[in-house]
(Lines of atoms letter the chains of each structure in order from A and count residues from 1; the text may use other names and numbers.)
(Lines give C-alpha, C1' and ligand atoms only; values in the text may rest on other atoms or scores of the structure.)
Protein backbone atom coordinates (compact mmCIF):
# COMPACT_ATOMS: atom_id res chain seq x y z
CA UNK A 1 0.00 0.00 0.00
CA UNK A 2 2.68 2.48 1.06
CA UNK A 3 4.92 1.36 -1.79
CA UNK A 4 2.22 1.98 -4.38
CA UNK A 5 1.51 5.37 -2.79
CA UNK A 6 5.18 6.32 -3.08
CA UNK A 7 5.20 5.09 -6.68
CA UNK A 8 2.13 7.18 -7.49
CA UNK A 9 3.70 10.18 -5.77
CA UNK A 10 6.94 9.84 -7.74
CA UNK A 11 4.91 9.57 -10.94
CA UNK A 12 3.03 12.73 -9.96
CA UNK A 13 6.31 14.49 -9.11
CA UNK A 14 7.77 13.52 -12.49
CA UNK A 15 4.65 14.82 -14.22
CA UNK A 16 4.89 18.07 -12.27
CA UNK A 17 8.58 18.39 -13.17
CA UNK A 18 7.80 17.79 -16.84
CA UNK A 19 4.98 20.33 -16.71
CA UNK A 20 7.18 22.99 -15.12
CA UNK A 21 9.90 22.24 -17.70
CA UNK A 22 7.45 22.65 -20.57
CA UNK A 23 6.15 25.86 -19.02
CA UNK A 24 9.68 27.22 -18.62
CA UNK A 25 10.52 26.36 -22.22
CA UNK A 26 7.30 27.90 -23.55
CA UNK A 27 8.04 31.08 -21.58
CA UNK A 28 11.76 31.29 -22.39
CA UNK A 29 11.64 30.36 -26.08
CA UNK A 30 9.69 33.46 -27.20
CA UNK A 31 12.02 35.68 -25.16
CA UNK A 32 15.06 33.99 -26.70
CA UNK A 33 13.65 34.16 -30.22
CA UNK A 34 12.78 37.84 -29.72
CA UNK A 35 16.33 38.66 -28.64
CA UNK A 36 17.74 36.61 -31.54
CA UNK A 37 15.44 38.36 -34.01
CA UNK A 38 16.43 41.75 -32.59
CA UNK A 39 20.13 40.89 -32.89
CA UNK A 40 19.69 39.66 -36.47
CA UNK A 41 17.65 42.75 -37.33
CA UNK A 42 20.35 45.05 -35.92
CA UNK A 43 23.04 43.13 -37.82
CA UNK A 44 21.08 43.30 -41.08
CA UNK A 45 20.44 47.01 -40.55
CA UNK A 46 24.16 47.67 -40.02
CA UNK A 47 25.05 45.54 -43.05
CA UNK A 48 22.54 47.38 -45.25
CA UNK A 49 23.88 50.74 -44.05
CA UNK A 50 27.45 49.63 -44.79
CA UNK A 51 26.46 48.45 -48.29
CA UNK A 52 24.60 51.68 -49.07
CA UNK A 53 27.58 53.70 -47.84
CA UNK A 54 29.89 51.67 -50.10
CA UNK A 55 27.57 52.10 -53.10
CA UNK A 56 27.20 55.85 -52.54
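Residue numbers (my numbering): 444 to 499. All C-beta atoms in this analysis are idealised placements derived from N, C-alpha and C, irrespective of residue type, glycine included.
What residue range is occupied by the uninterrupted alpha helix (DSSP H) comprising residue 479?
-> By one-based count along the chain shown, residue 479 stands at place 36. Residue 479 -> alpha helix (DSSP H) spans 445-498.
Give me the Cα-Cα distance between residue 453 and residue 494, rounded to the nearest whole angstrom.
-> For the purposes of this step, residue 453 is taken as the residue at position 10 of the chain shown. For the purposes of this step, residue 494 is taken as the residue at position 51 of the chain shown. Residue 453 and residue 494 have their alpha carbons spaced roughly 59 Å apart.
Taking the alpha-carbon positions, what's the residue 477 to residue 462 distance?
-> Position 34 of the chain shown, counted from the first residue, corresponds to residue 477. Position 19 of the chain shown, counted from the first residue, corresponds to residue 462. Distance between the alpha carbons of residue 477 and residue 462: 23 Å.
Sorted by chain position, which residues of the same chain lie with C-beta nearer than 8 Å to residue 445's C-beta, five sequence neighbours on each side aside?
-> Here residue 445 is taken as the residue at index 2 of the chain shown, counted from 1. Within the same chain, residue 445 has no close Cβ partners at all.
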